[in-house]
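In this note's numbering, the protein residues as written are 2 to 578.
Encoded as structure tokens, the structure appears first; notes follow it.
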């Protein structure tokens with residue numbers, strides 16, 4: 002590819018980006034420029050701060066402090082890179098290689114451009130300038146031997162970004178099948194949530210063991226202590242890990258350079274560049290093989306297995322007690338759709354995180370229970386956490402239907418039954434998550450039975466309140482959710498701001514729920530009654546009041562849905578590229 006071709010392709014990419022910004026509106030372009038300016042300011046500020054710290058603060062600190070600082074920076078960079086995979090696999094390449102196959106150009110250069118464009122990410126903007134600024138500052142502050150930190154940091158960034166790019170490409174090739182694509186995105190999201198909570202479980206375990214070792218003698222001599230060697234204060238296992246694990250080589254290089262030994266840093270620089278080149282080469286080969294049909298051809302060559310059609314029992318004929326037949330049937334249909342949708346699993350990822358946290362506390366907690374006055378608020382907080390991860394589902398009832406909303410428009414039934422069916426389909430999910438969270442909190446915090454009973458009533462009351470709010474917001478501010486993700490499709494800036502505002506109303510909606518334990522606390526404080534019975538009675542009255550309000554709101558909200566169903570259909574069923 003000559004420079005004219007490259008210049009033309011880059012100009013075309015820039016023009017397409019400008020057209021997208023123009024369609025989004027002037028406010029969106031202004032906010033984009035503000036975000037870019039803030040990112041550049043943070044990047045420049047991080048570089049200057051790192052440089053000043055390396056020149057004036059870190060020259061006199063022990064080498065162990067350098068190891069800790071560089072380990073923190075590298076692990077944070079790795080964490081942000083891994084966290085960006087979920088959004089990156091749903092984003093198209095800067096230049097689509099598939100559209101370039103028929104042109105007489107070098108695909109290798111297009112691949113390199115796409116790889117370089119992948120560096121425009123949060124992890125690179127926030128941390129890479131800081132790391133290079135710190136390395137330059139250490140050169141001036143601790144001596145010329147620290148110059149080897151520059152190629153080491155550069156190679157580390159190259160290694161991580163190359164393999165992250167390779168991993169992203171591999172996941173994209175697996176997601177040709179739409180069902181597999183959604184399952185992969187949901188699995189990556191859930192796996193990332195579990196990975197982020199792994200340190201919390203480790204800390205809980207270690208702290209629990211540490212409390213049982215308080216009687217150990219403190220004056221035992223340290224056989225490995227040596228005043229002349231700073232490495233003597235580091236456990237041997239940690240030193241071995243820094244010599245073996247590639248993404249810890251930056252910290253090990255800083256440690257050895259501070260001691261005057263440049264050989265580990267030189268070898269580590271060669272190693273990270275080699276590992277990065279291997280990852281980039283693998284990414285290029287898999288990308289070209291994918292676009293030339295190598296991956297799909299191998300899959301197509303497999304023999305098609307005979308599909309076994311199982312007899313599906315007709316469960317839709319069952320009627321929920323006390324619910325109209327139309328609403329009961331719709332609730333069962335909607336619930337089956339929710340069970341099959343990977344987007345719902347992704348939306349409930351926050352609840353999974355809290356399950357892991359409270360489960361870890363229940364298993365590893367060894368300290369005493371909290372005060373009795375705090376326990377009712379902890380139970381209510383567990384109820385609030387339950388719905389925190391369901392806000393997007395409850396406040397956007399039709400966004401996940403997409404083209405299926407046409408069927409709802411054609412149904413010859415009162416629209417209030419559609420809203421009731423949507424709410425009933427979400428109730429089993431909220432009930433299961435809420436009860437499991439409440440059980441874990443009860444085990445971890447040793448909650449009394451009266452507090453648990455009040456929390457169950459608050460769970461039902463919160464569901465009724467949020468269902469009313471969700472019915473109204475879903476009709477007034479609908480938005481389409483992209484298949485296989487939780488990201489809204491391209492919306493106007495006013496709609497985006499309204500969505501953000503409506504989600505910010507969630508803490509306000511939880512205020513009546515938290516007033517119930519507060520009322521019990523106040524009654525017990527003035528000596529009128531115990532907090533437990535007051536909490537239960539107040540929660541029961543709130544549940545009855547909200548149930549009446551919910552029943553009265555269905556008819557007017559159904560009429561509002563009937564008036565706005567065409568506008569909702571245009572929003573949720575429209576394909577947006």
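For glycine and all other residues, C-beta sits at the position ideal for the given N, C-alpha and C.
The structure displayed is predicted, hence computed values, not measured ones.
DSSP three-state assignment for residue i, whether helix, strand or coil
{"i": "residue 452", "result": "helix"}
{"i": "residue 233", "result": "Any reading at residue 233 needs caution, since the residue's pLDDT is 49, under 50, leaving its predicted position unreliable; the model's value is listed next. Three-state result, residue 233: helix."}
{"i": "residue 545", "result": "helix"}
{"i": "residue 246", "result": "coil"}
{"i": "residue 482", "result": "strand"}
{"i": "residue 595", "result": "Residue 595 cannot be examined here, being either before or after the span of the chain that is shown, 2 to 578."}
{"i": "residue 573", "result": "helix"}
{"i": "residue 417", "result": "helix"}
{"i": "residue 403", "result": "helix"}
{"i": "residue 447", "result": "coil"}
{"i": "residue 508", "result": "helix"}
{"i": "residue 149", "result": "helix"}
{"i": "residue 160", "result": "helix"}
{"i": "residue 110", "result": "helix"}
{"i": "residue 319", "result": "coil"}
{"i": "residue 342", "result": "coil"}
{"i": "residue 314", "result": "Confidence at residue 314 is low in this model, with a pLDDT of 48, below 50, so the placement of that residue should be treated as unreliable; the coordinate-derived value is given next. In the structure shown, residue 314 sits in coil (DSSP, three-state: anything other than H, G, I, E or B)."}
{"i": "residue 333", "result": "helix"}
{"i": "residue 293", "result": "coil"}
{"i": "residue 262", "result": "coil"}
CB contact flag (residue i, residue j, <9 angstroms)
{"i": "residue 273", "j": "residue 156", "result": "yes"}
{"i": "residue 278", "j": "residue 118", "result": "no"}
{"i": "residue 573", "j": "residue 416", "result": "no"}
{"i": "residue 380", "j": "residue 439", "result": "yes"}
{"i": "residue 400", "j": "residue 482", "result": "yes"}
{"i": "residue 521", "j": "residue 377", "result": "yes"}
{"i": "residue 124", "j": "residue 81", "result": "yes"}
{"i": "residue 391", "j": "residue 432", "result": "no"}
{"i": "residue 170", "j": "residue 284", "result": "yes"}
{"i": "residue 263", "j": "residue 142", "result": "no"}
{"i": "residue 517", "j": "residue 543", "result": "yes"}
{"i": "residue 409", "j": "residue 472", "result": "no"}
{"i": "residue 150", "j": "residue 266", "result": "yes"}
Contacts around residue i, its chain only, beta-carbon distance under 8 angstroms, and the 5 residues preceding and following it disregarded
{"i": "residue 428", "result": "464"}
{"i": "residue 304", "result": "At residue 304 the pLDDT is 44, less than 50, meaning the model places this residue with poor confidence; the figure from the coordinates comes in the next sentence. Nothing meets the Cβ criterion."}
Sequence-distant residues of its chain with Cβ nearer than 7 angstroms to residue i (five each side left out)
{"i": "residue 551", "result": "465, 468, 469"}
{"i": "residue 531", "result": "525"}
{"i": "residue 252", "result": "68, 71, 72, 75, 243"}
{"i": "residue 79", "result": "161, 248"}
Sequence-distant residues of its chain with Cβ nearer than 6 angstroms to residue i (five each side left out)
{"i": "residue 44", "result": "126, 130"}
{"i": "residue 455", "result": "536, 537, 540"}
{"i": "residue 270", "result": "152, 153, 156"}
{"i": "residue 147", "result": "139, 140, 258"}
{"i": "residue 533", "result": "451"}
Residue i at chain C interface by Cβ criterion, 9 angstroms
{"i": "residue 159", "result": "The structure shown contains no chain C, having only a single protein chain."}
Through-space distance from residue j to residue i, alpha-carbon basis
{"i": "residue 411", "j": "residue 493", "result": "28 angstroms"}
{"i": "residue 342", "j": "residue 476", "result": "22 angstroms"}
{"i": "residue 226", "j": "residue 60", "result": "Because the pLDDT at residue 226 is just 42, under 50, the model does not fix this residue reliably, and the value given afterwards should be weighed accordingly. Each residue's alpha carbon lies about 23 angstroms from the other."}
{"i": "residue 555", "j": "residue 40", "result": "46 angstroms"}
{"i": "residue 523", "j": "residue 446", "result": "22 angstroms"}
{"i": "residue 395", "j": "residue 250", "result": "47 angstroms"}
{"i": "residue 246", "j": "residue 4", "result": "40 angstroms"}
{"i": "residue 371", "j": "residue 66", "result": "37 angstroms"}
{"i": "residue 560", "j": "residue 418", "result": "11 angstroms"}
{"i": "residue 437", "j": "residue 48", "result": "46 angstroms"}
{"i": "residue 568", "j": "residue 508", "result": "29 angstroms"}
{"i": "residue 506", "j": "residue 388", "result": "13 angstroms"}
{"i": "residue 1", "j": "residue 498", "result": "Given that the chain is displayed from residue 2 to residue 578, the structure contains no residue 1 and the question cannot be resolved."}
{"i": "residue 109", "j": "residue 36", "result": "32 angstroms"}
{"i": "residue 77", "j": "residue 128", "result": "8 angstroms"}
{"i": "residue 11", "j": "residue 238", "result": "49 angstroms"}
{"i": "residue 236", "j": "residue 52", "result": "30 angstroms"}
{"i": "residue 598", "j": "residue 503", "result": "Residue 598 is absent from the model: the chain starts at 2 and stops at 578."}
{"i": "residue 453", "j": "residue 282", "result": "57 angstroms"}
{"i": "residue 116", "j": "residue 166", "result": "7 angstroms"}
| task | For the region 376-403, list the alpha helix (DSSP H) runs that are entirely contained and at least 4 residues long, ordered along the chain. | result | Fully contained in the region 376-403 are the following alpha helix (DSSP H) runs of length 4 or more, in chain order: 376-389, 392-395.
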